[in-house]
Ligand code: SF4
Ligand code: SF4
């Protein structure tokens, strides 16, 4: 296996189908994995926190124990925020090897590097430690996933030796000031570092977009799925080595396989159509939450942040519907209402999209909670 897979589509294992008790539905995942491998797609991407820690164990059951080790490449990531005087990177890595049973990792990344955690990765010397893993044959390629500015990425790639970098790239974020997809992609390209794309469909937003924007794409290509536009956009960038899609069911697997089996890059007319759809989406001013749920577990008030944001986005696009008020009431009951937010800032510290969550919670409380 090479650093760059033959086909530019990888399986992101963070939005797997789940059973009623929220555990991963392994029976449903197995045929998804098999279908990808049969079609020649070999890149699988997990991480320590995905599915509350269960994704890496699921990898063992659905992939490692069912397919020859050389038939796929496996990527996972060091959760640097867990490092402490008593928890070392090596301990976490050994735990990951044990959970997956993979023997070694093909791609190993420092997870979600940004200005909020860089000090930790630096102070625990994770950059040299990663190169040491590579020299020892425990991993094949070393990289990091990144959520910050092009300037910071430039500095990191000037200072550290890595084989690849994972970036958030999609057509809506290409010029987005908070994400700066274009700037980061250009920096990686300047350094000759290949890019793995995460969030090409923006947490599903670009596959379930409002009708006003979807219609622009549908009228140009009635048979193409909305997701296929987003996947092809990311894969059309020449320095992209693979595009990760967090697929949740067989239908999404089939759609992505159909799009990427004999991949055709976007042409000029298609880029122009996508630009029109992008303009429409920007006009709707939706909150750019990707529903990654990194903010949820440590919210001291147990607020269901991404689900509440989904309600707000729905209301922005479709008006103040009774449905959303009802949905919001259920979320408030399952966790806490948005008005319970104490502004502790935990969520903002971990949000890869740099969202001002407490302000957004205020907005939700004002909209959905009864005035006393
Ligand atoms: S700022 Fe509010 S929403 Fe965010 S973690 Fe703290 S209490 Fe939860
Ligand atoms: S608010 Fe940020 S951290 Fe929380 S789910 Fe949305 S994108 Fe992820």
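Numbering (the working numbering), first residue to last: 137 to 508.
A virtual CB, placed ideally from N, CA and C, is assigned to each residue, including glycine.
What you are looking at is a predicted structure, and each value in this text was computed from that prediction instead of being measured.
Secondary structure note for residue 303: its beta strand (DSSP E) is the uninterrupted segment 300 to 304. About 6 Å separates the CB atoms of residue 473 and residue 505; that is less than 8 Å, so the two are in contact. Residue state for residue 379 is assigned as strand, using DSSP reduced to three classes. For residue 482, the Cβ falls inside the 6 Å cut-off from some heavy atom of ligand 1.
Residue 334 is a Cβ neighbour of residue 380, given a cutoff of 7 Å. Judged by DSSP in its simplified three-state form, residue 213 adopts strand.
Your pair residue 389 and residue 172 checks out as a contact, with CB atoms roughly 6 Å apart and the cut at 8 Å.
Exclusion of the five residues before and after residue 413 leaves 349, 352, 353 as the residues of its chain whose Cβ lies within less than 7 Å of its Cβ. Between the beta-carbon of residue 250 and that of residue 284 there is about 4 Å, and that keeps the pair under the 8 Å contact cut.
Not a single heavy atom of ligand 2 lies less than 6 Å from the C-beta of residue 346.
For residue 497, the enclosing alpha helix (DSSP H) covers residues 493 to 504. Relative to the non-hydrogen atoms of ligand 1, the Cβ of residue 424 never comes closer than 6 Å to any of them. Pairing residue 146 with residue 181 gives a Cβ-Cβ distance under 7 Å.
Per DSSP, reduced to three states, the secondary structure at residue 356 is helical. Here the alpha carbon of residue 469 sits roughly 10 Å from the alpha carbon of residue 463. Excluding the 5 residues flanking it on each side, residue 228 has same chain C-beta neighbours closer than 8 Å at 184, 214, 215, 218, 219, in chain order. For residue 439, the shortest separation between its Cβ and any heavy atom of ligand 1 lies below 6 Å.
Contact check between the segment 394 to 404 and the segment 338 to 349: fewer than three CB pairs, one atom from each, fall below 8 Å, which does not count as touching. A direct Cα-Cα distance of roughly 44 Å separates residue 324 from residue 465. In the DSSP annotation of this structure, the continuous segment of the alpha helix (DSSP H) that includes residue 391 starts and ends at 386 to 396. Residue 168 and residue 370 have their C-alpha atoms some 22 Å from each other. Unbroken alpha helix (DSSP H) stretches of 4 residues or longer found wholly inside the segment 217 to 294: 225 to 236, 254 to 259, 262 to 271, given in chain order.
Note on geometry: alpha-carbon atoms of residue 377 and residue 319 lie some 17 Å from one another.
Between residue 242 and residue 209, the gap from beta carbon to beta carbon is short of 7 Å. Look at residue 342: its beta carbon is at least 6 Å from all of the heavy atoms in ligand 2. Using a cutoff of 6 Å, the CB of residue 442 counts as near ligand 2, since one of the ligand's heavy atoms is closer than that.
Using a cutoff of 6 Å, the CB of residue 464 does not count as near ligand 2, since none of the ligand's heavy atoms is closer than that.
Assignment of beta-bridge partners to residue 333 by DSSP yields 303, 379. Under a 10 Å Cβ-count criterion, residue 400 is classified as exposed, with fewer than 16 other Cβ atoms of the shown protein chains found around its own Cβ.
One Cα belongs to residue 327, the other to residue 296, and the distance between them is close to 11 Å.
In the three-state DSSP reduction, residue 184 falls in the coil class, being neither helix nor strand. In the DSSP assignment, residue 155 falls outside any beta strand (DSSP E) and carries neither an H nor an E. Counted as a single uninterrupted DSSP element, the alpha helix (DSSP H) harbouring residue 162 occupies residues 162 to 174.
Its chain contains 306, 366, 367, 370, 379 as the residues whose beta carbon lies nearer than 6 Å to that of residue 336, once the 5 sequence neighbours on both sides are disregarded; these appear in chain order.
Taking residue 141 as the centre and dropping the five residues before and after it, the same chain places the C-beta of 178, 179, 378 closer than 6 Å to its C-beta, in chain order.
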